[in-house]
Each structure stands twice: as structure tokens, then as C-alpha cells.
Amino acid sequence: MTLSRRTHPRPLDIKNGRVDLTHGGGGRAMAQLVDELFVAAFDNEVLSQGNDQGAFSVPGGRMVMSTDGYVISPMFFPGGDIGSLAVHGTVNDVAMAGAVPIGLSAGFIIEEGFPLSDLERVVKSMAAASKAAGVPVMTGDTKVVEKGKGDGLFITTAGIGMVPPGIDISGDKARPGDVIMVSGTMGDHGVAVMSQRESLGFETEILSDSAALHTLVAAMIKAAPGIRVLRDPTRGGLAATLNEIAAQSGVGMEIRERDVPIKPQVMGACELLGLDPLYVANEGKLICICGPDDAQSVLAAMQAHPLGVDAKVIGVCDEDPHHFVRMKTAIGGTRVVDWLAGEQLPRIC
Amino acid sequence: MKYIDEYRDGELAQQLAKSIAAEADTARTYHLMEFCGGHTHAISRYGLEDILPANVHMVHGPGCPVCVLPVGRIDAAIWLAGQPDVILCTYGDMLRVPGSKRLSLLKAKAEGRDIRMVYSSLDAVKLAQVNPDRKVVFFAIGFETTTPPTAVAIKQAQALGLTNFFVFCNHVLTPSAIAQILDSPEVRELGTVKLDGFIGPAHVSTIIGSQPYEYFAEEYQRPVVIAGFEPLDVLQAVRMLVRQINENRFEVENEFSRAVTRDGNTKAKALVAEMFELRKAFEWRGLGLVPYSALRIKEAYAAFDAERQWDVPKDSPPDNKACECGAILRGVKKPTDCKLFGTVCTPENPMGSCMVSAEGACAAHWTYGRFRDTKAQDA
């Protein structure tokens, strides 16, 4: 759950409004729903950190907890499925605090009539992902709803982890002058999923980047314990995530279009579909913001890890009272990289 | 990416910008209207204004298909979606366009109406095929580019013997809209809107060709350069327009020669002519009633015409009083001249149509360019 800490021109219309797809799109409409309804109601210090995980003190150190629901359609896609994604996504949310993930819970909401063979395939893939990550599923829950009241299978996972001593990573810690990096190419997951959608049916060899990033994070904080911000750019992509951080930290940002790594196939698919790859979801990439003195060592640590070989510095944070994320375009102009308005791709995770 | 990167080359862009600056006469200004939303988007998306000389001004035109559709037609589509057994389908951008009473297709969908987004008109035909007990209405919008696909969909529905596929036709025509702008009092008599030349449509021109623009280049003595939607296309077109204006020429030139011919796509044009006829007049948001500016389905294909199948409401509710979309679509005002811009009207909660599509002048400026306004304020 990420908060934007921004004001919205018009409050939610609780009396007459209805939830529409934009409220789940990772853009401003979702941020508003979270701010004005959930955060307002649950109001507490941990939630108000505004990160994808809540950090709190326990005897013996600091822990984090995170939860995420998975409703992706189609359930099976090149490079993964809803099961592996439910492990990777939540492990990553825990890891983005610099924490070492300890364990997961898993809740299954299954629609009557769902083939057991598909369920087995999902569960086996989930088990394999959890084993590979070394993060066990420790508890779970199963619910079945009548036919027509769900869409096959939804999974919710929660994760907990321990933050190593001396690590303090949060979305509100970016400072002017800090360096912005990404761990690899942007948009692979969203395009891989889109390519499987019935109505599009274009052929591509792009695989989802779905992966657990906690070992990459461990290598990075070993190189530079002072990393200020980590976040995985999932729904809403790089653009939404940078805007969240800029608003949370109260800084501006300037990135360079030329330096944002994007696979040519992803670029091609986005051209065809009229999408901007900066807004397309990733499930195995992270954004890292650190002080300029740490940049080289963090970058080297990322590039030395198999999940960070394409890591790149893409820009810097600066002072800007409006917290704009700006981009130097390839032809030498400047534009805003705004929040996503509306819904670019429904049910991408 | 091959055949795309070549048109987004940073060094070439700088060279072109330099040559425009060298050729532009510093003693005068150049007001160039890009008709198409595709160009508006490219200008904002790539920050082209940053590299153009200060005396070259881009004026955003009305060529954004979802922007020019009046409130009444949106209301009519919402009404159609509420008729028994109807599945209404349309292209994505249309879903968020506000109708009257702050309703939109997206909100009507959340209230339970069966409204679906399609990527192609043929997907709508497929929907009719797999839902024989439902009535599938394709809310067809757009300029000459999207008209042939609608015609193909009707052809296909006919070949499949479908009796449950209908088209709510809202296709509009580019040349009549340009003529309407040039005939407007602001341009002709008052001179409050300066228009020295036009960047002509890219995709529309692949269908209609460059020939239809020849009339008003001569009649209204304004140069037209047809250009592609990539940033270098736009810069090259600006250079060609600056040259024509300097040399006092009013010709139709074609920068987009890799896709546009003088005659256009004759096959597509023949198909459109077979299926559609001109409406006597059609209401455009911002331009009002424009004579012979839109198409309707011919009698021979009446079985597929939603307007003949249902008694579609013909009300024409006004825009929000404070909304300046009308003036913005005519080039009379800029997005920042509107009181609603960025206050209550944003892409999340659009009050006017120019804030909906990424091709709309307001959405393009808000999404890509608004840091310049605050820079000016802060200074």
C-alpha cells in the first residue's frame, strides 16, 4: 500500500460514486482511494510511512510486514504464473525495506468449477518459487465462491521479514542530489502478459521478469548500507513509482530518456499497442536511490548480480517544490513524466 | 527499433532546430496549427517547444477524435448501453469522456451496463458472433483513419449473416473541420487567431491523400505540410512551412511521403463511399454545427445502423459553462487560459474532452508540459 501524500482536486464522491477500474490502476485515482479511505480509516504510524511494507520495532530489532493480492489475467503467462508471482511480489515488497524475508502466508479464493489440474499447476509453481527464494509459505487459507462470483482464482499473500541493524530504507528519504538507478529493463512483465490477452494475440518472445529480488537487495546493502530508497516499479511502472517517491520525499527528479533501459521488443510492442513503456508493470526490477558517493559501489553490486546485469543510472533528484518528475527526451526537450491517469492495463498483477 | 529510432534521433533534431532558427525571420512570428492530436502529442511528449525558436508558435488544432465529439453523442452512447440486451463496445479513450451529469461510459460500466473496450472494430464483430442472444453496438468514432475499419466490420458482419451487430456511427471528416476553422470570425475578420500555416494530418492523409488539402491551401492562402507523427517529421514540417511562408507560397507539400500519396488509399476510399454518405450537418464540440462534416450509414446497410434500430436521443446538452474546450479546439485559447485547467479538470477527473485523450491539447499540456507554467510562476 503506497500513499502519495498529495492533495486531490476533488474529494472522493463517497455518497454517489462507485469503484471503477481506475481505482486499481496504480495511478492517481488509486492513490486517492488509498489516502482518503484506507489511510484515513486505519490511521496509524506504521501505515503512515507510506511504503509498500510497514516497518515496526520488536524486541531484537525491526520487522516489516507486507501484503498483496494477485488477480492477474491470464493466470499463466510467458515467464511465470499467478503462483510464482504471488511469491515474488510479496517477497519483493518485504525486501524493498532492505529486510531479509522470513516467511509468507497465502490465501486462496477459488471459483467453483476451477480445474484442479490448473490449481495444482499454480500451487506447484508457487512452491517452487518459495523454495528457490528460501522463503517458506508458513500458513494459509482456502475459500471457494459460487460459479460466477470470482474469476477462477485470486491469491493473497503476506510476508514478514527482519531489517538488518543499521539499515533504514524508506520512500521518504530521497534528497536533492541523490542518484536514481534501475536494476534492469523496464516493461517486460506488462508486455509479456498483454501478449497473451485473447483480444491482442500478437506474438512475442518477451518473458515476464517476475523474480524474487531479496538477494539482489542483500548484495546492494552490503555494498552501501546507506541506500535511501528501494521500490519495485510494479503497477503504473517506473513513472508511477518515481512520482510516489518524489511526493513522499518532497523532491523533484530529472531522468534521461536515453538512459532508461528498454528492450527493443518491448518498445516495439508498446508502439503497436499505443502504450508508454514507462507506465508498464515490472515484477523483477527495482528502483534504487542513494547518495552520490554510494552510486558507483551500488551500481557495481547490482551489475555483479544475475538480476541486475542491465542496471543503469537514469537520473538525479533535485529541489522542486512541485515534486515534478521530469525527463530529458531523446531529442533534447523536457517533459513531465506524470502519474498514470486512468487505467493502462487492467489486471496485470 | 528500426524505422522508428531514425525519426527520433537527437542529433538530427538539434541540427533541424538550428536550421529552422536560421531560416525563421526574427522580424516576424510564425503561428502554425498542427491539426492532429497525434502531432499535439508528439510535440508535448518530446518537448519540441524547447528546441524551436521563440518566434515559432505551435497552435493546437481540433484533430483529436474523442475531443470533438459533443456531449449529446456521449449521452446517446450511454443511453444505448442501457437498452435491453445491448453490449456497447468502443475504443479505450472513449470510456472516460464526460457526458452530461458527470457520467461517462466508464462510470456507466461501474453501474452495471455492459460496456467493453475493444482494440479493433473486428473484435466487436467477434463479440456479436459469440453472443447471438445479445445486441452488440459498436460506438464508432474517429476521422478518416478509423472509418475504413468500421466499413470492414459491417462487411464482415454481413458476410457472417449477423443480425445482432450495429454501428453507432460518429465518423467525422478532416477537411471540413479545417475549412470551418479558417472561416471562423476569429481567423477571418477579427484576426485574433493568427494562423500562418498548417501541419497536415499523418494517418488521415494515408487514406484521403494530399489532394483534398489543395483546395484550401489555394482558397485560404495558407501552406499545408503533411507530416508523420515522429518528432523529426514535425521539425521537418516546421522547416518546410517556415520556408513556404518566407517565400510567400501556399502549397500542399508532403513530408510524410513514406506513407502518403496524392490520391491516398483508393480501395479504402471506395469502401467508405459504398457504405457511408455525408450528413447535412454534424455537431462538433468547439466548432458547433459543421456542414457536411460527418458520415452516416447508407440506406442499403440500414440493418446495421444503430440510429435506425433505436430511437437514439438527439439532445444536445451544453458543455460546462466554465469549460474552454470549444475555444481551445479552435485555437482561440490555450489550455492555461481555462479556469478549470488543473484545478477541477485533470486527466483523472476530466470536465472537458480536451483533458481526456492523450491527444487532447489540455491533457498533453497537463501531462507533459505543465512544469513550464510553474517555472514561469516561480520566476
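Chains as they are written, first to last, in numbering that gives the first Met the number 0: chain A, 0 to 348; chain B, 0 to 378. Glycine residues also receive a C-beta, built at the ideal position from the N, C-alpha and C atoms.
Using a CB distance cut-off of 8 Å, M266 (chain A) counts as an interface residue toward chain B. For secondary structure counted as the alpha helix (DSSP H) over 4 or more consecutive residues, the segment 135-207 of chain A holds these complete runs in sequence order: 187-193.
Cα atoms of T89 (chain A) and I81 (chain A): separation of roughly 12 Å, rounded to the nearest angstrom. Relative to the Cα of R27 (chain A), the nearest Cα in the group A:E243, A:D67, A:P263 and A:E119 belongs to A:E243.
For A126 (chain A), the enclosing alpha helix (DSSP H) starts and ends at L115 to A132.
By the neighbour-count criterion, in which 16 or more other beta carbons inside 10 Å mark a residue as buried, F167 (chain B) falls on the buried side. Setting aside the 5 residues that flank it on each side, M161 (chain A) is surrounded in the same chain by G60, M62, A98, V99 and I101, each with a C-beta closer than 7 Å to its C-beta; the list follows chain order.
When the alpha-carbon of G81 (chain B) is set against those of B:I244, B:A107, B:E22 and B:L234, the nearest one is in B:A107. What F323 (chain A) touches in chain B, judged by beta-carbon distance under 9 Å, is R369, F370 and T373, going in chain order. Here V135 (chain B) is near N163 (chain B), since their CB atoms are less than 8 Å apart. What D337 (chain A) touches in chain B, judged by beta-carbon distance under 7 Å, is T366, going in chain order.
Approximately 14 Å separates the beta-carbon atoms of R115 (chain B) and D84 (chain B); this is outside 8 Å, ruling out the contact. One finds nothing in chain A with a Cβ atom closer than 9 Å to the Cβ of T144 (chain B); even the nearest lies about 13 Å away. A direct Cα-to-Cα measurement between K100 (chain B) and A131 (chain A) gives close to 54 Å. For P263 (chain A), the neighbours in chain B by C-beta distance under 7 Å run, in chain order, M0.
Across the structure, P232 (chain A) and N43 (chain A) are spaced so that their CA atoms are roughly 25 Å apart.
Below 8 Å, enough C-beta pairs join the segment 150-158 of chain A and the segment 64-82 of chain A to call them touching: three or more. Chain B places a beta carbon closer than 8 Å to that of V18 (chain A), counting this residue as a contact. Scanning its chain for C-beta atoms nearer than 6 Å, with the 5 sequence neighbours on each side dropped, one finds around T138 (chain A) the residues S104, in chain order. Contact between the segment 48-55 of chain B and the segment 15-24 of chain B is present, with at least three C-beta pairs closer than 8 Å. Between V192 (chain A) and I71 (chain A), the gap from beta carbon to beta carbon is short of 8 Å. Under the Cβ distance rule, G9 (chain B) counts among the residues neighbouring chain A, one pair being separated by less than 8 Å. Annotation note: the segment 1-41 of chain B contains the following uninterrupted alpha helix (DSSP H) runs of length 4 or greater, listed N- to C-terminal: 9-22. DSSP places S183 (chain B) outside both helix and strand once states are collapsed to three, so it counts as coil. A straight-line Cα-Cα distance of about 19 Å links V315 (chain A) and Q302 (chain A). In chain order, G71 place their CB closer than 6 Å to the CB of D314 (chain B), counting only its own chain and leaving out the 5 sequence neighbours on each side. DSSP places W78 (chain B) in the uninterrupted alpha helix (DSSP H) bounded by V70 to A80. Here C344 (chain B) carries a strand assignment [DSSP, helix/strand/coil]. Here R238 (chain B) is actually not in contact with E33 (chain B); their C-beta atoms are around 14 Å apart, not less than 8 Å. Residues of chain B whose Cβ lies closer than 7 Å to the Cβ of T328 (chain A) are, in chain order, Y45 and G46. Around the Cβ of I3 (chain B), a 10 Å sphere holds fewer than 16 other Cβ atoms; the residue is exposed.
Put simply, the backbone Cα of F228 (chain B) is about 44 Å away from that of S47 (chain A). Separation of R255 (chain A) and A258 (chain B) (C-alpha to C-alpha, rounded to the nearest whole angstrom) is 31 Å. Rounded to whole angstroms, I73 (chain B) and L241 (chain A) show a C-alpha spacing of 35 Å. Residues of the segment 222-240 of chain A that bring their beta carbon within less than 8 Å of a beta carbon in chain B are absent altogether. The alpha-carbon of T265 (chain B) is positioned some 8 Å away from that of I206 (chain B).
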